[in-house]
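So the sequence shown is numbered by my numbering: it starts at 554 and just counts up by one.
Glycine is no exception: its CB is placed at the ideal position from the N, C-alpha and C atoms.
Reviewing the structure listed below.
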Amino acid sequence: PLVRVNKVAPYLTLDNDPYPAVVDGRVVWIVDGYTTSSNYPYSTPVDISTAILDTYTAGSTVPSGPANYMRNSVKATVDAYDGKVMIYAWDETDPVLSTWAKIFPDTLQPASEMSADLLAHIRYPSDLFKVQREVLGSYHVTDPGTFYSSEDTWVTPNDPVSTPENPTLQPPYYLTMQMPGAEKPSFSLYSTFIPQATGENSRNVLYGYLSANSDPGPDYGKLTLLTLPKQTTIPGPGQVQAQFDSNATVSQQLNLLRQGQTKVIPGNLLTLPVGGGLLYVQPVYVRSTGETSYPLLRKILVSFGDSIAFEDTLPAALDSLFGGNAGVDPSTPETPTEPTTPNENVSPQLQAALEEARQALLDRAAAYKANDLVAAAEADKKLQAALQKAYELSR
């Protein structure tokens with residue numbers, strides 16, 4: 554698909570991650586296109602080919618060279634059956650795209666021509682997000698002295714599953730999640746930041762969490778940055794991976810999985826904002842040495858704060874981690890009975906705490922029914938707080 558789009562619109566820089574989708578009953582490849590320039594005034598140049606390198610783009614096809622202007626001006630589709638190319642002007646206000654359209658007339662369609670089915674599959678482009686996170690690593694500061702001294706520069710952490718001999722940056726991941734302060738979950742692209750340092754001064758602790766809303770709609774492309782408190786040490790992906798690898802229980806079970814003709818393959822280490830903290834989730838796969846074998850999901854590693862759990866499924870791992878019941882049947886929620894006439898011997902404070910616990914149970918059951926693990930974890934946290942409060946009041 555990249556070759557075909559390049560033949561029609563050679564002036565575009567194309568994203569390295571085209572993706573297939575079923576649109577209007579046909580399989581099409583969706584390709585993001587950028588207009589770029591290195592002549593934009595007062596803008597720091599970025600080498601795009603370097604900025605996008607990570608575990609997934611070791612063989613990048615984007616041409617090298619600096620650019621200080623980059624806009625996702627085009628969404629293109631390539632029909633997987635007949636190869637037909639359609640190019641839509643996603644950003645019709647881009648003056649560079651308007652100029653190219655005069656040189657290559659009749660190649661661009663207005664964004665209004667995109668069908669609703671196609672719009673439903675549009676997502677925020679990963680290469681643009683990678684360039685933005687590199688620029689943000691330096692420009693997140695507001696103090697001029699701090700900026701010029703580079704004492705608070707952030708970088709993308711290395712992928713914890715890459716080898717020390719050939720380290721690669723951790724790629725951004727697409728997830729459906731609810732950012733703190735958001736009203737509802739959204740399909741998002743996220744990445745993390747750690748402080749820039751080398752040698753003995755290097756610290757793999759989390760300083761920032763960047764997400765881009767990828768849901769088609771008014772909030773599409775909205776960037777949200779969570780800045781984490783520096784006085785609190787929050788482990789980054791590298792530290793969490795080291796904790797997984799050094800945990801005695803985890804090591805013992807992994808050694809059991811390695812017996813025979815099998816190989817243990819760690820999956821992507823994901824980071825999710827949950828319940829006022831950060832939840833790490835990593836699948837563990839097992840693959841036999843046969844030529845026709847493929848990886849099978851066997852275990853799930855999770856971490857929250859200083860706690861680690863290692864179970865067969867994600868609900869079981871969350872149960873073990875939070876002491877909740879992620880396996881509750883959504884069709885039969887744990888609905889407490891309606892409260893009867895309050896006992897006169899029970900204090901109003903205790904009654905209020907018990908009512909908070911009851912509401913948290915209802916919220917948790919509703920969250921599991923909606924497959925919203927973030928809301929479920931938050932409800933579980935409220936439940937534990939309410940029960941602790943009720944226990945203290947009853948003593």
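**OP:** Starting from Gly690, follow the beta strand (DSSP E) in both directions and report where the run begins and ends.
**Re:** Counting along the chain, Gly690 falls outside any beta strand (DSSP E), though it belongs to the alpha helix (DSSP H) covering 679–692.
**OP:** Mind checking who Glu841 pairs with in its DSSP beta bridge?
**Re:** Per the sequence presented here, residue 841 reads as Ser, with Glu not at that position. The partner list for Ser841 (beta bridge, DSSP) reads Thr815.
Original post:
According to the neighbour-count rule (16 or more other Cβ atoms, all chains shown, within 10 Å of its Cβ), is Arg676 buried or exposed?
Top reply: buried
**OP:** Starting from the C-beta of Ile787, find all residues in its chain whose C-beta is less than 7 Å away, skip the five residues before and the five after it, and write them out in chain order.
**Re:** Val758, Leu759, Leu781, Leu831
**OP:** Compare the C-alpha of Met623 against each of Asn592, Asp635, Tyr609, Ala795 and name the closest.
**Re:** Asn592
Original post:
Where does Ile656 fall in DSSP's three states?
Top reply: helix
Original post:
Which residue from Gly829, Gly858, Leu672 puts its Cα closest to that of Pro771?
Top reply: Leu672
Original post:
Who does Gln731 pair with in a DSSP beta bridge?
Top reply: Bridge partners of Gln731: none, in fact.
**OP:** Answer yes if the stretch 728–741 comes into contact with the stretch 699–716, meaning at least three C-beta pairs across the two stretches below 8 Å, and no otherwise.
**Re:** no
**OP:** May I ask you to list the residues that DSSP assigns as paired with Asp916?
**Re:** Paired residue(s): none; Asp916 is not in a bridge.
Subject >> Within 9 Å, strictly: CB atoms of Thr588 and Leu650 >> reply: yes
Original post:
Among all the DSSP beta bridges, which residues are the ones paired with Tyr564?
Top reply: BP columns for Tyr564 are empty, so no partner.
**OP:** Please go through the same chain and pick out, in chain order, the residues whose beta-carbon is closer than 6 Å to the beta-carbon of Lys683, but skip the five residues on each side of it.
**Re:** Ala604, Ile605
Original post:
When you compare only the Cα positions, how much space is there between Val793 and Thr716?
Top reply: 16 Å
Original post:
Which two residues bound the contiguous beta strand (DSSP E) that contains Asp570?
Top reply: Asp570 -> no beta strand (DSSP E), and no H or E assigned at all.
Subject >> Environment of Pro713 [buried if 16+ CB atoms lie within 10 Å] >> reply: buried
**OP:** Determine which residues share a DSSP beta bridge with Ile583 and list them.
**Re:** Tyr572, Thr630
**OP:** Output yes if chain B places a C-beta closer than 9 Å to the C-beta of Gly761; else output no.
**Re:** Included in the structure is just one protein chain, with no chain B present.
**OP:** Would you check if the distance between the CB atom of Pro724 and the CB atom of Asp607 is smaller than 9 Å?
**Re:** yes
Original post:
Between Leu689 and Leu778, is the Cβ-Cβ spacing less than 9 Å?
Top reply: yes
**OP:** Within 10 angstroms of the Cβ of Asn808, are there 16 or more other Cβ atoms? Answer buried if so, exposed if not.
**Re:** exposed
Original post:
Cα separation between Thr630 and Glu931?
Top reply: 40 Å
Subject >> Whole-angstrom C-beta distance between His693 and Gly791, which should lie under 8 Å >> reply: That pair is no contact at about 20 Å.
**OP:** Tell me, please, which residues DSSP counts as bridged to Leu722.
**Re:** Asn711
**OP:** Take Tyr564 and list the residues in its own chain whose beta-carbon comes closer than 8 Å to its own, dropping the five residues that flank it on each side.
**Re:** Thr588, Trp653, Ile656, Phe657
Original post:
Would you report the Cα separation of Asn711 and Ser741, rounded to the nearest angstrom?
Top reply: 21 Å
Original post:
With distances taken from CA atoms, which of Val855, Asp768, Pro748, Ser764 is nearest Gln796?
Top reply: Val855
Subject >> Residue closest to Leu907, alpha-carbon to alpha-carbon, out of Asp859, Asp577, Leu946, Asp585 >> reply: Leu946
Original post:
If we call anything under 9 Å between Cβ atoms a contact, is Ala664 one with Arg579?
Top reply: no
Subject >> Cutoff 8 Å; reference Ile818; Cβ partners in own chain excluding five residues on either side >> reply: Val837, Tyr838, Val839, Arg840, Pro848
Subject >> Nearest-angstrom Cα separation, counted from Thr646 out to Leu940 >> reply: 55 Å
**OP:** Mind checking who Gln662 pairs with in its DSSP beta bridge?
**Re:** Tyr641
Original post:
Thr566 to Asn800, Cα distance in whole Å?
Top reply: 45 Å
**OP:** Could you tell me whether the Cβ atoms of Glu666 and Val599 are closer together than 9 Å?
**Re:** no
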